[in-house]
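The block underneath contains the structure these notes are about, expressed in structure tokens.
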Amino acid sequence: MSQYLNEKIKGIKPSGIRKFSEMASSVPGVISLGVGEPDFITPWHICEEAIYAIESGRTYYTPNLGLPELRKEICNYYQRRFGCNYDWKKQCLVTVGASEAIDICMRTLLNPGDEVILLSPCYVAYTPSVELADGVVKYVNLKEEEHFKLTPEALEEAITPKTKMLFLNFPSNPTGGIMTHDDYVKLIPIIKKHNLVVLSDEIYAELTYDGTFCSLASFEEIKDQVIILNGFSKAYAMTGWRLGYILAHPDIIQAMIKIHQYTIMCPSIISQYAGIEAAKNGDEDCKMHRESFLARRNFIVNNLNRIGLTCHMPQGAFYVFPSIEKTGLTSEEFCEKLLFEAKVAVVPGNAFGESGEGHVRISYAYSIDLIKEALSRIEKFLKQF
Numbered sequence: 050m051s052q053y054l055n056e057k058i059k060g061i062k063p064s065g066i067r068k069f070s071e072m073a074s075s076v077p078g079v080i081s082l083g084v085g086e087p088d089f090i091t092p093w094h095i096c097e098e099a100i101y102a103i104e105s106g107r108t109y110y111t112p113n114l115g116l117p118e119l120r121k122e123i124c125n126y127y128q129r130r131f132g133c134n135y136d137w138k139k140q141c142l143v144t145v146g147a148s149e150a151i152d153i154c155m156r157t158l159l160n161p162g163d164e165v166i167l168l169s170p171c172y173v174a175y176t177p178s179v180e181l182a183d184g185v186v187k188y189v190n191l192k193e194e195e196h197f198k199l200t201p202e203a204l205e206e207a208i209t210p211k212t213k214m215l216f217l218n219f220p221s222n223p224t225g226g227i228m229t230h231d232d233y234v235k236l237i238p239i240i241k242k243h244n245l246v247v248l249s250d251e252i253y254a255e256l257t258y259d260g261t262f263c264s265l266a267s268f269e270e271i272k273d274q275v276i277i278l279n280g281f282s283k284a285y286a287m288t289g290w291r292l293g294y295i296l297a298h299p300d301i302i303q304a305m306i307k308i309h310q311y312t313i314m315c316p317s318i319i320s321q322y323a324g325i326e327a328a329k330n331g332d333e334d335c336k337m338h339r340e341s342f343l344a345r346r347n348f349i350v351n352n353l354n355r356i357g358l359t360c361h362m363p364q365g366a367f368y369v370f371p372s373i374e375k376t377g378l379t380s381e382e383f384c385e386k387l388l389f390e391a392k393v394a395v396v397p398g399n400a401f402g403e404s405g406e407g408h409v410r411i412s413y414a415y416s417i418d419l420i421k422e423a424l425s426r427i428e429k430f431l432k433q434f
């Protein structure tokens, strides 16, 4: 039946994360450190609001932009936490997770042939989202010795007359790299000079460990060129609630709503009421989650280095990206052997782009006890090398 399929779909590779997750599900007794999902239960005060919404009969459609109360609280949250001011009436669109936000940004902004700069290694959904919107990907390979930051030299070199968009993801999935205020200051003149639109995926903003998170939208001179993508999944342990949002210039939001209203209409009203409570009263939940992940980060990095897998210290998100080059295996070979011989599932680095080869991504969004057991198995596995 392939004759009926869209040619672009035929050329898109399945997610490397899902591939190894599915392989892991067939191995009895496996410890899976592959999926980036917090092991916390959604805080009860957030769940209560969802339950109350159901009990109150709030099970109807909402405005396409999202509930006014939720948009107000999202904008209040961004001003309170990151110093970015947005008009909830005109500059906020609530989406079905950050994933929908990425898709409609690409479809709204890209014309066929427009180039998008992606930072590699990068999250697996970015490249397909550009290609499905008829854009062209230009990769900038980030370097471990530079702490996986984007340098002004690397950005300038990647820009061509066809470049329209720069897509940032800090803190980064999969590397855990961050950009500081001073790092961004060096990029501002380049963004202005080339009139780039910048997508800033800030889903891990609350999981910044070394220093304070800085949003590129806090720089007023380029704020109109910046589109913020964020959501509730990582910070509030709300992955299954599928609630995200976009903050952007009013003209861009008005264009995006055309796609959103015809394809999605609105996210679940129950999730939106939960999101109001999270954005309004969830700062302490974020702090608790961040402190727990910080302890896990320190534990896993120290022990990976101890057992022979060189690993830099990530400064955000909940992933480590150790080198496995000493084993002589490719990333996929390493992951397959580790899965079937040691019963530990991680994700090969090349799932995040060619520059990820020689690394694996390990999520530490799991309990310390589970991480300890996984490290014990990995240590025994490594002895053969």
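Last residue of the sequence shown: number 434 in the numbering used here, and the count goes up by one each step with no gaps.
C-beta: ideal position from N, C-alpha, C; glycine also.
Being a predicted model, the structure only gives us computed values, none of them experimental.
Sorted by chain position, which residues of the same chain lie with C-beta nearer than 8 angstroms to residue 305's C-beta, five sequence neighbours on each side aside? Leaving aside the five residues that flank residue 305 on each side, the residues in its chain whose CB is nearer than 8 angstroms to its CB run, in chain order, 142, 153, 154, 157, 295, 297.
Can you tell me whether residue 364 is buried or exposed, with buried defined as 16 or more other CB within 10 angstroms of its CB? Buried, by the Cβ-count rule.
Look at the alpha carbon of residue 84 and the alpha carbon of residue 396, and state the distance between them as a whole number of angstroms. Looking at the two C-alpha atoms, the distance is approximately 8 angstroms.
Which word fits residue 334, buried or exposed, when buried means at least 16 other C-beta atoms lie within 10 angstroms of its C-beta? That one is buried.
Counting pairs of Cβ atoms below 8 angstroms between the stretch 247–260 and the stretch 54–66, do you hit three or more? No, the stretch 247–260 is not in contact with the stretch 54–66.
Would DSSP call residue 106 helix, strand or coil? Here residue 106 sits in coil by DSSP.
Pull up the CB-CB distance for residue 191 and residue 220, whole angstroms please, since I reckon it's below 8 angstroms. 13 angstroms between Cβ atoms; not a contact.
According to DSSP, what are the bridge partners of residue 250? The partner list for residue 250 (beta bridge, DSSP) reads 218, 278.
Quick check on the DSSP output: the beta strand (DSSP E) that includes residue 329 runs from which residue to which? No beta strand (DSSP E) holds residue 329; the alpha helix (DSSP H) holding it covers 318–330.
How many angstroms separate the CA atom of residue 248 from the CA atom of residue 275? Here the alpha carbon of residue 248 sits roughly 6 angstroms from the alpha carbon of residue 275.
Distance check for residue 353 and residue 359, CA to CA, integer angstroms please. In a straight line, the C-alpha of residue 359 is about 7 angstroms away from that of residue 353.
State the DSSP-derived secondary structure class of residue 64, mapped to helix, strand or coil. It is coil, neither helix nor strand.
When the distance is taken between beta carbons, is residue 188 closer than 9 angstroms to residue 204? Between residue 204 and residue 188, the C-beta spacing is not below 9 angstroms.
Between the CA atoms of residue 215 and residue 266 - distance to the nearest angstrom: Spanning the alpha carbons of residue 266 and residue 215 requires a straight line of approximately 14 angstroms.
Could you work out which residue in 258, 86, 286 is closest to residue 346 when comparing CA atoms only? Ranked by Cα distance from residue 346, the first of 258, 86, 286 is 258.
What residues match up with residue 212 in a beta bridge as DSSP calls it? Beta-bridge pairing links residue 212 to 164.
Residue closest to residue 160, alpha-carbon to alpha-carbon, out of 172, 148, 179, 137: Closest in alpha carbon position to residue 160, among 172, 148, 179, 137, is 179.
Determine, using beta carbons only, whether residue 80 and residue 426 come nearer to each other than 9 angstroms. Taking 9 angstroms as the Cβ cut-off, residue 80 and residue 426 qualify as a contacting pair.
Give the secondary structure of residue 386 by DSSP, where H, G and I count as helix, E and B as strand, and everything else as coil. Residue 386 sits in a helix when the DSSP states are folded into three classes.
Alpha carbon of residue 140 to alpha carbon of residue 183, nearest angstrom: Approximately 26 angstroms, taken between the alpha carbons.
Contacts around residue 201, its chain only, beta-carbon distance under 7 angstroms, and the 5 residues preceding and following it disregarded: Sequence-distant Cβ neighbours of residue 201 in its own chain, meaning closer than 7 angstroms and more than five residues away, are 235, 236, 239.
Complete beta strand (DSSP E) runs within the stretch 109–186 (minimum length 3 residues, chain order): Listed in chain order, the complete beta strand (DSSP E) runs (minimum 3 residues) inside the stretch 109–186 are 141–144, 164–169.
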